[in-house]
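Numbering (the UniProt record's numbering), first residue to last: 1 to 283.
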């Protein structure tokens with residue numbers, strides 16, 4: 001990968017830009033609009049949001065204000081836990097498209113595999129939700145479909161009824177949460193791995209090992225972490241609402257971490273608390 005315009009190729013041939021602009025915890029309105037517009041101006045062509053983020057309207061406005069042709073952008077959103085099920089998913093998708101102001105979505109994801117309200121029937125609900133997403137795919141309303149926060153047993157369950165294998169799995173991935181078993185499982189299935197919270201929600205930026213690497217390469221800690229993600233074969237989704245940091249996070253193609261440094265950073269496993277467990281989270 002040499003620039004933000006370089007892409008991974010999904011199983012169906014769709015190209016997905018190798019770094020996405022994340023919008024989790026970005027407030028709706030001017031903040032979302034301005035940050036998305038700035039990201040696109042800096043070269044991002046991949047924007048990631050979700051229904052539960054509550055910022056689809058602001059994100060959509062930022063996309064329209066960017067002046068970039070729709071077909072040059074890759075936009076992802078996600079169906080939330082309370083909307084699992086066939087009819088509910090179709091309605092949720094329509095609402096997301098209305099808020100975003102888009103005719104189609106490039107990637108639609110199941111946000112979580114085992115919502116608390118469906119914990120006794122999560123497998124059935126996932127099957128219904130996926131059937132609805134397959135319908136959207138076959139109708140051309142989405143270019144690709146995938147999952148988020150799914151572990152191998154969730155994927156195995158989904159494959160019992162799926163006619164389309166998930167093309168993407170979006171996970172919390174960074175040096176302190178390698179998720180090795182899940183990563184290897186997805187790679188064997190040809191599922192592209194997207195890394196959300198690639199900076200450990202900021203908690204990794206002051207770790208001594210990250211700071212040492214930053215000094216060695218003359219880069220910021222964030223750039224080191226994003227470069228690690230790319231070299232691990234992940235698609236990182238950095239988030240920022242600050243113009244300077246948005247620009248800074250794009251400068252990750254002018255250097256390469258030595259192999260020993262990738263290994264050294266990967267050894268930070270467990271340094272910060274892990275993200276939510278999908279089977280026990282209270283949402």
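We put the beta carbon where it would ideally sit given N, CA and C, even for glycine.
Would you mind giving the Cβ-Cβ distance between residue i and residue j, rounded to the nearest angstrom? I have them listed as a contact below 8 Å.
i, j, result
"residue 113", "residue 154", "4 Å"
"residue 88", "residue 51", "Not really, about 11 Å apart at Cβ, beyond 8 Å."
"residue 109", "residue 170", "6 Å"
"residue 85", "residue 129", "6 Å"
"residue 189", "residue 143", "In fact, because the Cβ distance is near 19 Å, the residues do not count as touching under 8 Å."
"residue 76", "residue 55", "Rounded, the Cβ-Cβ distance is 13 Å, inconsistent with contact."
"residue 265", "residue 186", "20 Å between Cβ atoms; not a contact."
"residue 4", "residue 19", "6 Å"
"residue 29", "residue 58", "5 Å"
"residue 151", "residue 278", "7 Å"
"residue 237", "residue 198", "7 Å"
"residue 111", "residue 66", "Rounded, the Cβ-Cβ distance is 25 Å, inconsistent with contact."
"residue 31", "residue 241", "6 Å"
"residue 271", "residue 252", "Not confirmed; about 21 Å, so no contact."
"residue 8", "residue 48", "14 Å between Cβ atoms; not a contact."
Going by Cα to Cα distance, which pick from the options is closest to residue i?
i, options, result
"residue 166", "64, 192, 233, 61", "192"
"residue 126", "187, 82, 106", "82"
"residue 255", "233, 219, 61", "219"
"residue 183", "134, 226, 235, 224", "235"
"residue 73", "94, 58, 262, 43", "43"
"residue 258", "14, 230, 49", "230"
"residue 160", "123, 101, 33, 11", "123"
"residue 200", "32, 275, 280", "275"
"residue 205", "158, 14, 268", "268"
"residue 12", "133, 136, 145", "145"
"residue 261", "217, 253, 203", "217"
"residue 132", "208, 120, 164, 103", "164"
Buried or exposed, going by whether 16 or more other CB atoms sit within 10 Å of the CB of residue i?
i, result
"residue 36", "buried"
"residue 222", "buried"
"residue 195", "buried"
"residue 138", "exposed"
"residue 101", "exposed"
"residue 246", "buried"
"residue 62", "buried"
"residue 116", "exposed"
"residue 78", "buried"
"residue 285", "An answer regarding residue 285 cannot be provided, because it is not within the stretch 1 to 283 covered by the chain."
"residue 17", "buried"
Who pairs with residue i in a beta bridge, going by DSSP?
i, result
"residue 237", "196"
"residue 108", "77, 145"
"residue 164", "Answer by DSSP bridge pairing: none, since residue 164 is not bridged."
"residue 22", "48"
"residue 9", "15"
Return yes when the C-beta of residue i is under 7 Å from any heavy atom of the ligand COA, and no when it is not.
i, result
"residue 96", "This structure does not include the ligand COA; it has no bound ligands of any sort."
Entirely enclosed beta strand (DSSP E) segments - the segment 167 to 218, minimum 3 residues: 168 to 172, 192 to 196
Any alpha helix (DSSP H) of 4 or more consecutive residues that is wholly inside the segment 28 to 94: 30 to 41, 56 to 65
Complete beta strand (DSSP E) runs within the segment 224 to 279 (minimum length 3 residues, chain order): 235 to 237
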